[in-house]
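Numbering (our numbering), first residue to last: 7 to 503.
Note that CB positions come from ideal geometry on N, CA and C, so glycine has one too.
Predicted, not measured: the structure shown is a model, and the values here were computed from it.
Comments concern the structure below.
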Ligand code: XMP
């Protein structure tokens, strides 16, 4: 299949580029520069993108073998790398950050559909001071810096076409794909075929921890397609699920025709979490107990592999990608203890949520699974700020149910990314009946997002918030105050801890 290869020079840029090109229906792979030399020469690779990155090309020798005779587009750092490689000059400049105007100075297929003057997103301090011999400048910024250049089928752009703040960025990537003569053919069905084919190579038994969420369900269905009954789905109830969730998960798998081994280990999890304050410690405990329970099953099932529905954002945010810092150790990635020895299979590791949704639809999974909100691996434990207690767990569980029910009723649930309740240790004086009483504060968080990398709070109608608040304070006697979380991500994260 025609492939665009994105060479990752660090940070989160490369995967965003890959994602945009995949959205155009073109198969795209991301590789590290050390692996580029053979990858760029693979026959199916029809074009190469050199991503942005945090480094400076003049600080080190550029030894990576990333150039071939194939159409190549360098972005930001990639643009400067092209300049250095072919004999241009890169210097430290005054920096261009954020929305910046550029002027096109030449007509070129790369800019088909662009006006002479356009707004683009820049984020750089270094700049190409002199293009290499034979390169033509295609666009300049207001500072007179080279914003785009070309020689033959090698293009460099200083700005970031992959971010939504470059309004015609996606069009530029589409033009590049056209220049490379690649026609879109990467459909969800192709993705399924490719994943299943890879999974068919697995020889031993595989256990899959399922949770009813879309990621683990899709992983289980794909594995089941590939290796049938050698894929063993295990559902561990950690006692941190939303109301009615364990029953729902079991009936879902029954309807999919996949046998599930159900283990109710909730007491084990809850007793270990009791009174734990630190959030990362809660994650660690859930990971540890999970691994303990799991390894027991694994022994019984004689399994060699553990499959998980890890997605790309989980990998980035746990610091699993070069150039990105650890923000939280997500259960799927960082939460498993070092002694846990099973080999991991993560067929969705390269995908974003919306791509997994497309795959789920193509697999014919019920709507209820496809549109269900993401739910963290460590469950409601990460929605309890401060000391973990069973009382707070019950409060969060009941309050979350109310939030979900009211959003369903208002027709808002399907339109938002996640919606839930959080409880901490803060209290608020209340009057219930004629009595003053201290009660918990419940925080309601409702966000919209494309892929959880960034998020914004949803402007929910006041009447809906009012109903949520009234129901929570009247149906949960320990709560006296409901607040609404109105910070975006960044600077906040989606979950409270
Ligand atoms: P944050 O809070 O980091 O969340 O903005 C981003 C997305 O990841 C989910 N999340 C988790 N998922 N284990 C998971 O499997 C975790 O420990 C975890 N923490 C956060 C969160 O619900 C959101 O969708």
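- Annotation for residue 214: the continuous beta strand (DSSP E) segment containing it runs 211-215.
- Within 10 angstroms of the beta-carbon of residue 167 lie 16 or more other beta-carbons, which makes it buried.
- Where residue 165 is concerned, there is no enclosing alpha helix (DSSP H), because DSSP gives it neither an H nor an E.
- When distances are taken from the beta-carbon of residue 383 to the heavy atoms of the ligand XMP, the shortest one is below 7 Å.
- Inter-segment contact for the segment 62-78 and the segment 101-110 is absent: fewer than three beta-carbon pairs are separated by less than 8 Å.
- In this structure, 128 is the residue among 118, 128, 28 with its C-alpha nearest to the C-alpha of residue 58.
- Inclusion of residue 486 and residue 430 in the CB contact set at 8 Å is not warranted, their separation being larger than that value.
- Judged by DSSP in its simplified three-state form, residue 259 adopts helix.
- Relative to the non-hydrogen atoms of the ligand XMP, the Cβ of residue 495 comes within a distance shorter than 7 Å of at least one.
- Residue 425 is bridged by DSSP to 452.
- Taking all protein chains shown into account, residue 18 has 16 or more neighbouring C-beta atoms within 10 Å of its C-beta and is therefore buried.
- Taking C-beta atoms as the reference points, residue 29 and residue 11 fail to come closer than 8 Å.
- About 6 Å separates the beta carbon of residue 256 from that of residue 268, a gap short enough to meet the 8 Å contact definition.
- By the Cβ neighbour-count rule, residue 260 is exposed, with fewer than 16 other Cβ atoms within 10 Å of its own.
- For the set 200, 221, 410, the Cα lying nearest the Cα of residue 316 is the one of 221.
- Beyond the five residues adjoining it in sequence on each side, residue 192 comes within less than 6 Å, by CB distance, of 31, 32, 33 in the same chain, given in chain order.
- About 5 Å separates the beta carbons of residue 349 and residue 311, which is inside the 8 Å limit, making them a contact pair.
- Scanning its chain for C-beta atoms nearer than 8 Å, with the 5 sequence neighbours on each side dropped, one finds around residue 195 the residues 368, in chain order.
- Its chain contains 243 as the residues whose beta carbon lies nearer than 7 Å to that of residue 270, once the 5 sequence neighbours on both sides are disregarded; these appear in chain order.
- A distance criterion of 7 Å places the beta-carbon of residue 425 beyond contact range of the ligand XMP, judged by its closest non-hydrogen atom.
- In the DSSP annotation of this structure, residue 103 is not part of any alpha helix (DSSP H); the continuous beta strand (DSSP E) holding it starts and ends at 95-110.
- With respect to the 8 Å criterion, residue 165 and residue 94 are not classified as neighbours on the basis of their beta carbons.
- The alpha carbon of residue 66 has as its nearest neighbour, out of 50, 90, 389, the alpha carbon of 90.
- Annotated as distal: residue 415 and residue 402, with beta-carbon spacing of 8 Å or more.
- In the structure shown, residue 442 falls within a strand segment according to DSSP collapsed to helix, strand and coil.
- In the DSSP secondary-structure assignment, residue 37 is bridged to 13.
- Comparing C-alpha distances from residue 434 to each of 294, 489, 184, 158 shows the shortest one belongs to 489.
- By alpha-carbon distance to residue 44, the top candidate from 60, 52, 22, 71 is 71.
- Contact between residue 380 and residue 219 holds, with the beta-carbon distance rounding to 7 Å and staying under 8 Å.
- A straight line joining the alpha-carbon of residue 387 with that of residue 249 spans about 14 Å.
- Nearest Cα to residue 211 within the set 428, 376, 307: 307.
- Rounded to the nearest whole angstrom, the CA to CA distance from residue 252 to residue 351 is 24 Å.
- Here the alpha carbons of residue 41 and residue 8 stand approximately 19 Å from one another.
- The C-alpha of residue 282 lies about 37 Å from the C-alpha of residue 371.
- Bridge partners of residue 300 according to DSSP: none are assigned.
- The ligand XMP has no heavy atom closer than 7 Å to the beta-carbon of residue 28.
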